[in-house]
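Residue numbering for the sequence shown follows my numbering, starting at 243 and increasing by one per position.
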Amino acid sequence: GEHSRELISTESGLYFLRVLCGTADADSAQGAGAMLEDSEFQLVLNGNPRSRRMVESGDWCKHTNPNGVDLNRNWDEKWRPPSAGNPDTNPGPQPFSEPETRIF
């Protein structure tokens, strides 16, 4: 749920959570029980809730946070300064400049 317009990411995460909790179909629940015996999961189903609300209100092309930063490009790995060419790929003024990225 980092890109708010990619609704399927959050929905897939919710289904996975249902599987882990045993509330999905029986076959999935059986496999999840074995997986949970020796695994730990930390799920972040929606890492950009303010922009997700904007998408749900009709701004279907929104994939940046409210500051106009593309969160996929706000990490320190291969971070590059913003270019004037495409505001949709704005990485922010520096790596981890956005609260949504820092929280991870």
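For every residue, glycine included, the Cβ atom is placed at its ideal position computed from N, Cα and C.
Along the alpha helix (DSSP H) that carries residue i, what are the first and last residues, could you check?
i: C303; result: No alpha helix (DSSP H) contains C303, which DSSP labels as neither H nor E.
i: R315; result: Neither: R315 is in no alpha helix (DSSP H) and is coded neither H nor E.
i: T343; result: 341-344
i: S251; result: 249-263
Answer with buried or exposed for residue i, where buried requires no fewer than 16 other C-beta atoms within 10 angstroms of its C-beta.
i: D330; result: exposed
i: M296; result: buried
For residue i, which residues in the same chain have their Cβ closer than 7 Å to its Cβ, ignoring the five residues on either side in sequence?
i: P308; result: R292, S293
Can you list, in chain order, the residues of its chain whose CB lies under 8 Å from that of residue i, leaving out five sequence neighbours each side?
i: E244; result: S251, G289, N290, L313, N314, E342
i: F258; result: L285
Can you find the residues in the same chain that come closer than 6 Å, C-beta to C-beta, to residue i, ignoring five residues on each side of it along the sequence?
i: K304; result: S246, R247, S293, M296, V297
If contact is defined by three or more beta carbon pairs under 8 Å, each pair taking one atom from either stretch, is the stretch 256-267 in contact with the stretch 317-327? They do not touch, by the three-pair rule.
Continuous beta strand (DSSP E) assignments of at least 3 residues falling wholly in the stretch 267-291: Runs of beta strand (DSSP E) with 3 or more residues, each lying fully within the stretch 267-291, are absent.
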